[in-house]
Each structure stands twice: as C-alpha cells, then as structure tokens.
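Undergrad: Have a look at this one before I ask anything.
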Amino acid sequence: MNGLETRFPKYELISSDKSTDPIPELRELREKTPIAWVPVIDAALLTRHADIVRVLKDHRMAPANLTQGIRLLSPEQQEELEPLSTAVGKWMGHTVPADHQRFIGLLKRFFTPAMIDRMRPRVRQLSHELLNAVEPAGRMDIVSDIAYPLPACVIGEMLGVPMDNRAQLLAWSADIGAIAEIVSYDRLMQCQRSLLAMQDFVLEVVEERRADPKDDLISAFVAAEREGLLSEAEILSNCVMLLFSGHETTGGLITSGLVQLFDHPDQLELLKSDPDLMPGAVEEMLRLAGPASVITRTNTEPVEVAGHHFEAGQQFLLALMAANRDPEVFEDPDRFDATRRPNDHLAFATGMFYCLGAALARMEADEFFRILLDRFPDLSPGYETPDWQPVLLISRRLKTLPVNLRGADGSGAGDE
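So for the sequence shown, the numbering used here puts the first residue at 9; every next one is plus one.
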C-alpha cells in the first residue's frame, strides 16, 4: 500500500449495487473530495475535470499497463500469462511516451482528414446494408446487428484484413476485452488464447503484404518495418489492438448514444427535424456516455495532484465520465443538449495521448445516426431498462439493446 487508505475516502471498484449506474456515487465523490482510494488495485481515483486535464497534460504521467488483473494472480499464473502481458505492453497508448510518439507518427500518415472523407461513402453503404438486413423483421438488437459489425468492418477494411469471418473476429475481441477487467485466471487464459489466435490471423495478412503491398494500413506498417521503425511484434500487437478497440469503442458510442436519444425524446425529435445538428448530438453522446469511462495513468516522477503529494509509481484512475459531468465546466451537466457550445468533454482524453481515432469514430456515429433516423423516424426502444453489463474501472457496456424500427406498435414510416 502507498498510504492512500489513510489519506482518502474509499471507493469500491467492484460493487453490484452500483454497477449499473456509477454516476450518483461519482457525483458525490466529486463534490466531497478531489481524490478517492480504490483498494483493489491501490489506485487514486480522480473525478474533477480540472484535475484530470492537468494529469493528462503532465509529461510525468504515462499510461498505466492494462494488466492490473494479471498482477493480482499468483506468480505461477502470471508467468503463464506472460505472452498476454507482453503483447498488451506494446499497444499504442499503453507504452512509454517515446514508443507512443513513434507509433503515432506512423499512424498520422494514414489517419488524415482526407482518409476520413474517403471512408464516408463506405460507412454510409455499410450502414444501409446492415439496416437492410434487419428491416424485414421490423426490429433489431443494435448491439449485435449494427454497433459492432459496422465499425469492425470499417477498421478491418482500413487495415486490409479480410472480413469474411467477421463473427470469429468479434468473438476473439469479446474475449480480449477481459484484459481491462479483474477476472478469473481462466478468463484471462481465454483472453490470451484469443489474442494469440488473432495475432496469427493478422500475421498471415502481414506476410501477404510483404510480398504484395496494397493501399491499406498493414502495408504501411510493413513499409515502416522495412525502414526499421517497427518490429513484427509491434505490428501484430497493434493490429490486434486496432481491431479490438476500433470496433469496441465506436460500437459502445453507437449503443449508448441511442440510449441517450431514447432518454431525451425532445432531442430525438430535434435531430429528426434538423439532421445537421447531429455532430453536436454525437459530442453529447460522447460526453454523457462515452465508451472510455475511465483511463489509467502512472507517474514516472514524484508529483502533486489536487494538492496532494505522490511518489513515483502511483497508479491513477481518471474517471472521464465524472469529469464530463462536472458542473464547474458544463452548465446543467446531466442534460443532453445537441446545441451545447462549447463542449470540452474528455471522451477522447487530451494531451499527448489524445485518441487518434476520434475523428473516425465521430464520422461513423454521425453518418449512422443520420441514416437511422431518416429511414426509421418512428423507431422506439424495445426494452424497459437497458441491459447494462458492469466491467472493471467504473465502465459498463450494453449486452443487448432491442429496438423497434417501426414504433412500439409495429407501425410507422417503415411500412410505407
């Protein structure tokens, strides 16, 4: 322990009685104290917008490794999971700043505004194709039918990965998600098996691109490898990370975003009447229910945070979902407002580790929701309460989200 237990109030990270909605307790913490202690991983939890911005912009703060669940296991089990720890340790955004900057420099050549514009027609096409498939039934589970297949296809095509077996890729990704949770040894072993299987799958594409380069991201990685800028292990690890996080985060944005619209029917009607407000609506979706609820940092040097001193090596949990509802920054913070200006949310972090895929995620959500509301203006929730699944680090995801495409009674514009 680092003495946090005697300095700050305790926050139980895993607690079934608040797992479905951590906001009330986080709000209370934000009002009462700048820092709370998370005993299960001996971390300092920050909830205030200003404190989190300062940490994100502090060069002495580096991303903490995602393998906190592994570190709670026995030495023998940790050794068995070493391949998983090694691979995740190479993920962009979870490395030392120098390695992160090297990788970001390569990706910035590819993730350009021009590339985003080139992908728009394809996102529209995929959105229509996926909606065409569910239209005859008049209902869908947006989680499995749209939210994960859509961004998975987009990032897969950008990488140059064949999407013939999309179901297998999604299954692997579901297993890999356990790395960010405190789960059993058996689940982490399954996570490792799926990660290594996905790396083998990606390696086949890498070897093909070495022989026959294409206009895709894996070919760009292979070219960087030839220049000595990347290793094969870094390519494989980060392609897996992009396949996993590229659809996991955008999928979460789409599903939680639709819940926000259903919860704020006045805003839903506003967007139907004025689709050009959609970019602002997407920003509110990100602010109120962004897919990255919390991120981690570790200080490489002694630092002062929120008026308290910490020696090097302290882990910090930055509760973005609490910062994004801080009344010091956002007027009426719990209200969804598609016209909110400014909207300085932290859904994609800030500073050196700002999410490179932010523009792509925004574009995908914007295009999909425009098409959804245009084609199915009478859509309605097919659930009484959202089926949230709690995960570690204050996060939660939707297991399912049934949607009626033609209204609650099955009739509507979709029948015309």
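Glycine included, every Cβ here is placed at the ideal spot set by N, Cα and C.
1. If we call anything under 8 Å between Cβ atoms a contact, is ALA300 one with GLY265?
2. Report the rounded CA-to-CA distance for ASN246 versus ALA160, giving the unit in angstroms.
3. Could you work out which residue in GLU372, ARG414, GLN268 is closest to LEU387 when comparing CA atoms only?
4. Thinking just about the alpha-carbon of each residue, which of ASP342, GLY77, PRO335 is nearest to the one in ASP194?
5. Is TRP45 helix, strand or coil when you go by DSSP?
6. Among the candidates GLU336, VAL248, PRO385, VAL302, whose CA atom is the shortest distance from the CA of ALA357?
7. Leaving aside the five residues before and after LEU12 along the sequence, list all residues of the same chain whose C-beta is less than 7 Å from its C-beta, in chain order.
8. Using a 10 Å radius around the Cβ and a threshold of 16 neighbouring Cβ atoms, would you call LYS98 buried or exposed?
9. Going by Cα to Cα distance, which pick from PRO385, VAL267, GLY113, LEU326 is closest to PRO149?
10. Are the beta-carbon atoms of LEU354 and ILE60 separated by less than 8 Å?
11. Taking C-alpha atoms, which residue in ASP29, VAL210, PRO47 lies nearest to PHE324?
12. Whole angstroms are fine: how far does the CA of GLU319 sit from the CA of VAL151?
13. Are there three or more Cβ pairs, one per stretch, closer than 8 Å when the stretch 272-288 is compared with the stretch 325-337?
14. Which residues does DSSP list as the beta-bridge partners of ASP149?
15. Out of THR393, ALA331, LEU278, state which residue places its alpha-carbon closest to the alpha-carbon of PHE377.
16. Please report the straight-line C-alpha distance between GLN275 and GLY164, rounded to a whole angstrom.
17. Near LYS407, what residues of its chain come up, given a Cβ to Cβ distance below 6 Å and the 5 sequence neighbours on each side ignored?
18. Give a yes or no on whether the C-beta atoms belonging to ASP153 and VAL162 are separated by under 8 Å.
19. Is the beta carbon of ALA72 closer than 8 Å to that of LEU305?
20. Could you give the residue range of the beta strand (DSSP E) that holds ILE187?
21. Taking the straight line between their C-alpha atoms, what separation do you get for VAL230 and VAL214?
22. Taking 6 Å as the limit between beta carbons, can you name the residues of its chain near ALA330, skipping five residues before and five after?
23. Could you tell me the distance, in whole angstroms, from the CA atom of ALA175 to the CA atom of THR14?
24. By DSSP's criteria, GLU256 is part of a beta bridge. Which residues make up the other side?
25. Which ranges would you report for the beta strand (DSSP E) in the stretch 175-234 if only whole runs of at least 3 residues count?
26. At which residue ranges does the stretch 306-386 contain complete alpha helix (DSSP H) runs of 4 or more residues, listed in the order of the chain?
27. Return yes when the Cβ of LEU203 is within less than 8 Å of the Cβ of VAL248, no when it is not.
28. Is it true that the stretch 368-385 meets the stretch 124-132, where meeting means three or more beta-carbon pairs spaced less than 8 Å apart?
29. Mind reading off the beta-carbon distance from TYR156 to GLY259? Whole number of angstroms is fine, and I expect it under 8 Å.
30. Use the C-beta contact count for GLU292: other C-beta atoms within 10 angstroms, 16 or more gives buried, fewer gives exposed.
31. In three-state terms, what does DSSP make of ALA3?
32. Looking only at its chain, what residues have a beta carbon closer than 7 Å to the beta carbon of SER82, apart from the 5 residues adjacent to it on each side?
33. Is any beta-carbon of chain C found at less than 8 Å from that of LYS65?
34. From the DSSP output, read off the bridge partner residues of GLN397.
35. In angstroms, rounded to a whole number, what distance separates the CA positions of ALA289 and GLY146?
TA: Let me spell this out:
1. Not a contact, by the Cβ cut-off of 8 Å.
2. Their Cα atoms are separated by approximately 15 Å.
3. Closest by alpha carbon: ARG414.
4. Checking every option, the nearest Cα to that of ASP194 belongs to GLY77.
5. Reduced to three states, the DSSP call for TRP45 is strand.
6. If we check each option's Cα against that of ALA357, VAL302 comes out closest.
7. TRP45, ASP50, ALA52.
8. It counts as buried.
9. The amino acid occupying residue 149 in the given sequence is Asp; Pro does not appear at that position. Sorting PRO385, VAL267, GLY113, LEU326 by C-alpha distance to the C-alpha of ASP149 places VAL267 at the top.
10. When the beta-carbon positions are compared, LEU354 and ILE60 come within less than 8 Å of each other.
11. Ranking the options by Cα distance to PHE324, first place goes to PRO47.
12. In a straight line, the C-alpha of VAL151 is about 43 Å away from that of GLU319.
13. They do not touch, by the three-pair rule.
14. DSSP lists PRO410 as partners of ASP149.
15. Here the closest residue by C-alpha is LEU278.
16. The straight-line gap from Cα to Cα measures roughly 33 Å.
17. Hits under 6 Å: ASP395, GLN397.
18. With respect to VAL162, ASP153 sits apart: the two C-beta atoms are not nearer than 8 Å.
19. Before going on, a small fix: residue 305 reads as Arg here, not Leu. Yes, the Cβ-Cβ distance between ARG305 and ALA72 is below 8 Å.
20. Note, ILE187: premise wrong, no beta strand (DSSP E); not H, not E.
21. Going by the C-alpha atoms only, they are around 7 Å apart.
22. The residues are LEU34, ARG38, THR55.
23. The C-alpha of THR14 is placed about 48 Å away from the C-alpha of ALA175.
24. Answer is none; GLU256 lacks a bridge partner.
25. The qualifying runs do not exist here; there are none.
26. List check, alpha helix (DSSP H) in window: 328-331, 366-383.
27. For VAL248 and LEU203, yes; Cβs fall inside 8 Å.
28. The stretch 368-385 is in contact with the stretch 124-132.
29. With 8 Å as the limit, TYR156 and GLY259 qualify as a contact, their Cβ atoms being about 4 Å apart.
30. Per the 10 Å Cβ criterion, buried.
31. Residue 3 lies beyond the stretch modelled for the chain, which goes from 9 to 424, so this question has no answer here.
32. Excluding residues within five positions, none has a Cβ falling inside 7 Å.
33. Protein chains in the displayed structure number just one, and chain C is not present.
34. GLN397 pairs with ARG405.
35. Cα atoms of ALA289 and GLY146: separation of roughly 25 Å, rounded to the nearest angstrom.
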